[in-house]
Structures are given as structure tokens and as C-alpha cells.
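FYI, the numbering used here numbers position 88 of the sequence shown as 88, with every residue one higher than the one before it.
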Amino acid sequence: MNRYAQQYRLRTQALLMLGDNWYGELAGGALSPRWQKQFEEMYPADVFSCPAYAIPGNHDYQRWPESKVAAELEYAQVGRNTALPTRWTMPSLWYRFDFPPTKPLITFIALDSNMPFSDGIETHGVNFTLTPQQQVEELAWLEAELKRPRTTPFLIVIGHHPVYSNGIHGDHPILIRDWDPLFRKEGVHLYLAGHDHDMQHLEFEGHPTSFVISGGGGAELTNPTIDPAQRGPYGQKVYGFSHLSATEDRMTLRHLDSNGSVLHAFTKSVDGKVSIL
Ligand SMILES: [Fe+2]
1 MNRYAQQYRL RTQALLMLGD NWYGELAGGA LSPRWQKQFE EMYPADVFSC
51 PAYAIPGNHD YQRWPESKVA AELEYAQVGR NTALPTRWTM PSLWYRFDFP
101 PTKPLITFIA LDSNMPFSDG IETHGVNFTL TPQQQVEELA WLEAELKRPR
151 TTPFLIVIGH HPVYSNGIHG DHPILIRDWD PLFRKEGVHL YLAGHDHDMQ
201 HLEFEGHPTS FVISGGGGAE LTNPTIDPAQ RGPYGQKVYG FSHLSATEDR
251 MTLRHLDSNG SVLHAFTKSV DGKVSIL
């Protein structure tokens with residue numbers, strides 16, 4: 001990402017941290033030295049001079065030794081009070097922001113997709129989740145936010161768990177039940193997720209939302225379970241990252257491999273037309 005951003009002289013305006021921000025132990029929480037090495041230095045501020053909007057994934061919800069989600073919320077606060085304020089941005093578990101701040105083009109709805117009882121497993125305890133109460137609150141908030149009038153041409157939702165995925169975790173029954181009807185109704189242009197260790201782009205006939213997974217960020221890759229020729233247009237077991245750009249009439253999403261070569265790219269217009277590049 002660093003090389004790619006420099007090669008194309010990108011004026012990066014946001015980093016989207018799609019969850020599973022921390023694997024393993026985060027000893028010291030918000031004071032862990034890992035923040036410096038694996039966030040501040042990994043995405044250097046001279047290249048990524050922009051906020052890093054973060055949402056929690058299932059690995060963030062591991063208590064290791066304490067809640068890593070609590071540490072991430074705290075780092076967003078504490079890190080801002082130092083001489084060099086952090087770019088880590090996580091005001092709450094779910095939040096909304098218009099982007100960029102001046103003349104915004106995209107309304108982002110950032111969600112916490114860690115549902116209780118997902119995958120048929122009760123997930124409180126060491127690997128905890130949202131509580132059932134929070135799940136209800138978030139859904140009511142999402143419904144209200146999607147209905148709120150906006151001045152931006154584009155509407156994007158980000159969440160860690162895919163709603164639909166050809167990857168190892170598959171489709172998510174709770175998100176299909178609760179979120180997908182709202183995406184359809186309110187015409188969400190794009191849902192961006194991670195969780196599955198691959199890169200994907202899914203389109204469904206008559207559905208206004210493009211479903212994109214950018215999960216090839218470094219952990220061990222997994223094989224797809226549904227062939228993208230069957231349900232696609234794109235899916236690949238490959239390391240990579242994604243680049244989203246927008247103008248007033250169209251967004252462009254590129255999946256790049258670890259050398260910065262394009263794996264798959266498409267544009268989407270305000271009225272929902274998708275063109276594969
Ligand atoms: Fe995950």
C-alpha cells in the first residue's frame with residue numbers, strides 16, 4: 001500500500017480499517033508498543049496523512065489480556081492528546097461520517113458486525129461480542145441513519161463480517177435478515193467487509209448494493225467455497241488491498257495485489273450502474 005500510494009502520488013484521504021485490526025495479544029492495551037510499530041509506522045503519516053476509520057472485528061473482541069476493543073476506543077482518544085495526534089479514528093462501536101470533510105461525496109456508515117450467537121455459537125466470555133441489547137440499538141440506529149437525508153451522492157456501509165461471501169465463512173444469516181433489507185430499501189451503493197482471507201466482489205440481480213471483501217491483508221489465506229464463475233463477478237485467494245476513489249458521478253474500486261498490480265476493478269455510478277474495468 002505504501003509503495004502503491006507513493007508510485008501513483010495518491011493524496012490519500014482516508015484509511016478504512018475493516019476489523020481484525022489486532023491479532024493476538026495486545027498487552028498494555030492503548031499503551032502497547034504495537035500501536036507505534038504496527039499502526040503508526042506501518043501506515044506512515046507522510047504517505048497516509050489522513051484519518052484511519054476503524055471498526056471492530058471478531059479478533060478485536062478477544063480479551064487478550066483485556067478487551068482489545070476497549071483499547072482501540074481508548075487509543076483513539078488518548079492518542080489524540082499527545083504532541084503528535086494519532087490518525088486512529090474510532091469514536092464509538094458504530095458511527096457515521098461524511099467524507100471528505102469539505103464538499104463530501106460519500107456518507108459512510110461504520111458498523112459493528114459482531115453479533116451475539118453468530119455462527120450458532122454463544123460468543124460471550126473470552127471471545128465476546130455485542131450484547132443482544134447493543135444489537136437492537138445498533139439496528140435501530142442504522143435504520144434511522146439510512147433514512148436521514150444526505151447531501152452526498154454516495155452511501156457506503158462498512159462492517160467486518162461480510163453479508164454475502166463466497167469465502168470460508170459464507171453468507172451471514174443475521175446480517176442478511178437484519179441489514180440486507182435496509183441496504184436494498186435505502187439504496188446503499190457499497191458494502192465493504194473483511195473477515196474472509198481473500199478478495200471478492202459480488203453483485204446480485206436487482207440489488208442496489210455491491211458487496212466487496214478486502215480480506216487479503218496478511219493472515220493466512222483461505223480457499224473460496226463458491227466459484228466466482230457461479231456467483232461473482234470476482235473472487236480470488238490472494239494477498240492484497242483495495243483502493244476506493246470517488247468523483248461526483250462515480251466511484252472506482254480497485255483490488256490490488258501485494259505488488260500493487262490490479263487484480264479486479266469496477267466503477268459504480270450514482271444511479272447504481274456497475275462497469276467492470
Ligand atoms: Fe474476522
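For glycine and all other residues, C-beta sits at the position ideal for the given N, C-alpha and C.
{"Query": "Sorry if obvious, but does the Cβ on asparagine 58 come closer than 7 angstroms to a heavy atom of ligand 1?", "Result": "yes"}
{"Query": "Just to check, is the beta-carbon of glycine 216 closer than 7 angstroms to a non-hydrogen atom of ligand 1?", "Result": "no"}
{"Query": "Report the rounded CA-to-CA distance for tyrosine 4 versus glutamine 133, giving the unit in angstroms.", "Result": "42 angstroms"}
{"Query": "Where does the unbroken alpha helix (DSSP H) through glutamine 133 begin, and where does it stop?", "Result": "132 to 147"}
{"Query": "Can you look up tryptophan 88 in the DSSP assignment and give me helix, strand or coil?", "Result": "strand"}
{"Query": "In angstroms with no decimal places, state the Cα-to-Cα distance between phenylalanine 204 and valine 69.", "Result": "33 angstroms"}
{"Query": "Would isoleucine 158 pass as a contact of leucine 16 if the rule is Cβ separation under 8 angstroms?", "Result": "yes"}
{"Query": "State the Cα-Cα distance for the pair leucine 244 and proline 149, rounded to the nearest angstrom.", "Result": "23 angstroms"}
{"Query": "Count the CB pairs spanning the region 230 to 241 and the region 90 to 108 that are closer than 8 angstroms, and state whether there are at least three.", "Result": "no"}
{"Query": "Which first and last residues belong to the alpha helix (DSSP H) in which leucine 10 is found?", "Result": "Looking at the DSSP string, leucine 10 is not in any alpha helix (DSSP H), and its letter there is neither H nor E."}
{"Query": "Could you say if the region 137 to 148 and the region 27 to 46 meet the contact criterion of at least three C-beta pairs nearer than 8 angstroms?", "Result": "no"}
{"Query": "Expressed to the nearest angstrom, what Euclidean distance is found between the alpha-carbon atoms of leucine 105 and tyrosine 61?", "Result": "32 angstroms"}
{"Query": "Given this structure, state the Cα-to-Cα distance separating phenylalanine 128 from proline 181, to the nearest angstrom.", "Result": "26 angstroms"}
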